[in-house]
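This report refers to the structure that appears directly beneath it.
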Amino acid sequence: MNSTPKGPVNPDMAADLIRQSARVLAEAIKSGEVSAREVTQAHLDRIGAVDERVHAFLHVDTDAALAHADRVDVKRAAGEQLGDLAGVPLALKDILAMKGVPTTCGSKILQGWLPPYDSTIVERLRAADIIILGKTNMDEFAMGSSTEYSAYGPSHNPWDLNRIPGGSGGGSAAAVAAFEAPLAIGTDTGGSIRQPAALTGTVGVKPTYGSVSRYGLVALASSLDQAGPCARTVLDAAYLHSVIAGHDPHDSTSINAAVPDVVAAAMKADVRGLRIGLVKQLSGAGYQPGVLQRFNEAVDVLAQLGAEIVEVDCPHFDEAMSAYYLILPSECSSNLARFDGMRYGLRVQDGGDAGVETVMADTREMGFGPEVKRRIMLGTYALSSGYYDAYYGQAQKIRTLIIEDFTRAFGQVDVLVSPTTPTTAFPLGEKVDDPLAMYLNDIATIPVNLAGNCALSLPIGLSPADGLPVGLQVMAPTMADDRLYLVGAALESALFDRWGHLLIEEAPAL
Ligand code: GLN
54 MNSTPKGPVN
64 PDMAADLIRQ
74 SARVLAEAIK
84 SGEVSAREVT
94 QAHLDRIGAV
104 DERVHAFLHV
114 DTDAALAHAD
124 RVDVKRAAGE
134 QLGDLAGVPL
144 ALKDILAMKG
154 VPTTCGSKIL
164 QGWLPPYDST
174 IVERLRAADI
184 IILGKTNMDE
194 FAMGSSTEYS
204 AYGPSHNPWD
214 LNRIPGGSGG
224 GSAAAVAAFE
234 APLAIGTDTG
244 GSIRQPAALT
254 GTVGVKPTYG
264 SVSRYGLVAL
274 ASSLDQAGPC
284 ARTVLDAAYL
294 HSVIAGHDPH
304 DSTSINAAVP
314 DVVAAAMKAD
324 VRGLRIGLVK
334 QLSGAGYQPG
344 VLQRFNEAVD
354 VLAQLGAEIV
364 EVDCPHFDEA
374 MSAYYLILPS
384 ECSSNLARFD
394 GMRYGLRVQD
404 GGDAGVETVM
414 ADTREMGFGP
424 EVKRRIMLGT
434 YALSSGYYDA
444 YYGQAQKIRT
454 LIIEDFTRAF
464 GQVDVLVSPT
474 TPTTAFPLGE
484 KVDDPLAMYL
494 NDIATIPVNL
504 AGNCALSLPI
514 GLSPADGLPV
524 GLQVMAPTMA
534 DDRLYLVGAA
544 LESALFDRWG
554 HLLIEEAPAL
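The sequence shown begins at 54 in the numbering used here and counts up by one.
Here it is as structure tokens:
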């Protein structure tokens with residue numbers, strides 16, 4: 054195998070800064086071929102040119118981004134050591150607290166709230182001299198699969214502006230696919246990094262639960278939420294992963310152990326002798342033929358590269374959706390109780406004569422959208438006395454059975470693979486009024502969140518049916534995140550000759 058996976062390297066670097074990989078940009082900044090300011094400005098210009106149509110960003114932090122880029126250039130001129138991604142721009146999902154910068158979670162209820170502190174992820178990005186361009190659009194409080202539940206209007210898929218870019222982190226994925234940023238941060242509670250990655254032809258990773266700090270990440274469902282990298286190449290995702298992962302004493306669920314060397318794994322890109330399991334439950338009925346065709350071809354490629362392919366049975370994955378839609382609403386009904394009109398953002402009837410309960414009720418009535426309300430009601434119901442055992446308790450038992458399915462599977466194979474999503478990107482408006490149809494987008498991604506292990510989605514081609522991107526999901530055991538990159542980079546490298554246009558060509562709609 055190649056020691057360095059191929060990537061979207063444009064020989065005419067300076068003329069085309071937005072189409073480079075993050076690593077190529079970082080090397081060019083380090084060598085002085087371009088400045089961090091030029092790279093940042095090129096991406097700000099791109100945002101100015103296309104974001105009116107893509108709507109990936111809710112807030113662009115132009116001045117702070119350029120000021121940080123200048124500091125990187127000063128450091129370089131002074132001969133200081135620069136990090137592996139120093140000077141590279143990034144788009145941040147609007148669910149991560151950033152001091153003094155609007156953080157809305159795609160909700161009206163947080164309008165006007167300026168966090169008084171930085172999340173650990175933001176601190177780490179800054180310390181690595183990664184340039185934060187701004188905050189990206191998302192479904193309200195990360196509930197959704199299309200960004201259509203954002204209170205600020207949907208994002209559009211750069212492959213076809215009439216289609217959704219996935220969700221909840223559709224803004225982050227669209228920004229990367231539209232060349233507005235080479236890197237982004239997303240969060241994945243049930244698939245919100247991987248599903249948008251699959252639908253936009255980009256790479257997205259949900260790291261092992263507890264390996265990336267949740268401090269300053271606004272909670273949706275605390276036992277499921279995990280932030281992770283979005284990029285256009287597997288190697289770029291690995292570099293970003295290594296910046297944000299690692300123990301944080303501010304997060305009591307943070308794992309105090311060494312982070313696997315994901316960069317070395319991405320560079321190795323070798324599946325020879327690896328046992329790869331095809332999850333019986335995650336393909337077939339309900340998956341579009343075009344998605345399955347590309348998936349089966351990619352599996353053949355893995356076999357040609359020297360992996361051993363076996364079918365694996367995970368019988369309880371069929372119940373994952375039902376369990377998730379009890380556990381998630383239960384946790385979010387509790388987490389979202391803090392948005393009461395007193396502490397953050399919006400307050401309805403401020404200064405009037407209304408009593409505190411009226412202010413709270415009216416603020417929540419006006420501040421939350423329909424999907425958030427639906428889940429708060431579901432969760433409150435599931436947790437109420439008399440129903441707790443019948444719903445929440447049963448869901449937790451299913452969760453244990455799913456963990457056992459994974460444990461058994463990883464006794465037989467090193468990684469599991471599946472299509473990331475059952476379909477390619479669907480048209481805006483198609484599922485927005487049909488919650489169940491929307492929920493079904495995450496059928497293949499949810500088991501990993503319930504079990505807490507890790508997964509990566511990478512592009513494997515375009516569906517022959519509609520010419521839209523298809524993603525393949527690699528799943529690995531807890532704290533074996535390096536295996537995701539080993540397999541992902543090998544497959545990316547092998548598919549590049551055939552599918553290189555996914556990474557290098559202008560997304561056709563722009
Ligand atoms: N689409 C899923 C949901 O609506 C996943 C959300 C997420 O991962 N944040 O819950």
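A virtual CB, placed ideally from N, CA and C, is assigned to each residue, including glycine.
Contacting residues, own chain, Cβ-Cβ under 6 Å from residue i (five flanking each side not counted)
i	result
Val485	Glu201
Val125	Ala89, Ala139, Gly140, Asp182
Tyr444	Leu379, Ala435
Gly621	With the chain covering 54 to 563 only, the question about residue 621 has no answer from this structure.
Val312	Ala298, Gly299
Asp304	Ser266, Arg267, Tyr268
Ala318	Asp535, Tyr538, Leu539
Met532	Thr261
Ser208	His108, Ala109, Asn190, Thr200, Pro218, Gly223, Gly224, Ala227
Leu273	Phe194, Ala195, Thr242, Cys385
Ile308	Gly263, Ser264
Arg325	Gly359
Same chain only: Cβ atoms within 8 Å of residue i, ignoring 5 sequence neighbours per side
i	result
Tyr564	With the chain covering only 54 through 563, there is no way to say anything about residue 564.
Leu178	Leu143, Leu145, Ile185, Ile238, Val296, Ile297
Asn63	Low confidence applies here, because Asn63 scores a pLDDT of 48, under 50, leaving its location unreliable and the question unanswered by this model.
Phe110	Ile100, Asp104, Ala144, Leu186, Gly187, Lys188, Thr189, Asn190, Gly224, Ala228, Glu233
Ser275	Arg267, Thr306, Glu384, Asn388
Thr615	Coverage of the chain is limited to positions 54 through 563, which leaves residue 615 absent and any answer about it impossible.
Met413	Asp393, Gly394, Met395
Ala508	Arg247, Val258, Lys259, Thr498, Val501, Gln526, Val527, Met528, Ala529, Leu537
Same chain only: Cβ atoms within 7 Å of residue i, ignoring 5 sequence neighbours per side
i	result
Ile71	Ala95, His96, Arg99, Phe232
Ala562	Pro211, Trp212, Asp213, Leu214
Gly321	Here residue 321 is Lys; the residue named in the question, Gly, does not match the sequence. Hits under 7 Å: Leu539.
Pro530	Phe463, Asn506
Ser56	Residue confidence is low: Ser56 scores 34 on pLDDT, short of 50, so the model does not pin down where it sits. No coordinate-derived value is stated.
Asp495	Ser198, Gly243, Gly244, Gln248
Ala547	Val354, Leu358
Gln346	Pro517
His554	Low local confidence applies: a pLDDT of 47 at His554 is under 50, so the model's placement there is unreliable, and no value is given.
Gly206	His108
Gly398	Ile162, Leu163, Gln164, Gly165, Trp166
Asp137	Ala79, Tyr292
Ile148	Cys158, Met191, Ala195, Thr240, Leu270, Val271
Asp171	Ala150, Met151, Lys152, Gly269
Asp114	Val154, Ile185, Leu186, Gly187
Rounded distance between the beta-carbons of residue j and residue i, thought under 8 Å
i	j	result
Val466	Val354	With 8 Å as the limit, Val466 and Val354 do not qualify as a contact, their Cβ atoms being about 17 Å apart.
Ala284	Leu270	Between Leu270 and Ala284 the Cβ distance is about 19 Å, and since that is not below 8 Å, they are no contact.
Leu335	Ser471	4 Å
Asp323	Asp535	With 8 Å as the limit, Asp323 and Asp535 do not qualify as a contact, their Cβ atoms being about 12 Å apart.
Thr477	Val523	6 Å
Asp289	Ala75	4 Å
Tyr492	Met374	6 Å
Val468	Leu327	7 Å
Val352	Leu511	Their Cβ separation, rounded to whole angstroms, is 13 Å, which puts Val352 and Leu511 out of contact at 8 Å.
Ala8	Pro475	Residue 8 lies beyond the stretch modelled for the chain, which goes from 54 to 563, so this question has no answer here.
Residues bridged to residue i [DSSP beta-bridge criterion]
i	result
Ile185	Leu143
Asn210	Asp213
Ile238	Leu145, Pro282
Ala529	Cys507
Phe110	Thr189
Lys259	Ala508
Val271	According to DSSP, Val271 bridges with nothing at all.
Gly524	Pro512
Ala298	Val265
Ile329	Ile362, Val468
Pro423	BP columns for Pro423 are empty, so no partner.
Val480	Per the sequence shown, residue 480 should be read as Pro rather than Val. According to DSSP, Pro480 bridges with Arg216.
Chain C contact for residue i (CB, 9 Å cutoff)
i	result
Tyr441	Among the protein chains of the structure shown there is no chain C, as only one such chain exists.
Sufficient close CB pairs (3 or more, under 8 Å) joining the stretch 189-196 to the stretch 449-460: Not touching, per the Cβ criterion.
State whether the stretch 522-541 contacts the stretch 74-92, with contact taken as three or more CB pairs (one from each stretch) at a distance under 8 Å. Segments in contact, no.
Are at least three pairs of beta-carbons, each pair with one atom in the stretch 247-254 and one in the stretch 144-163, less than 8 Å apart? Between the stretch 247-254 and the stretch 144-163 there are fewer than three C-beta pairs closer than 8 Å, too few to call the two in contact.
Should the stretch 411-428 be called in touch with the stretch 381-391, which here means at least 3 C-beta pairs below 8 Å? Yes, they touch.
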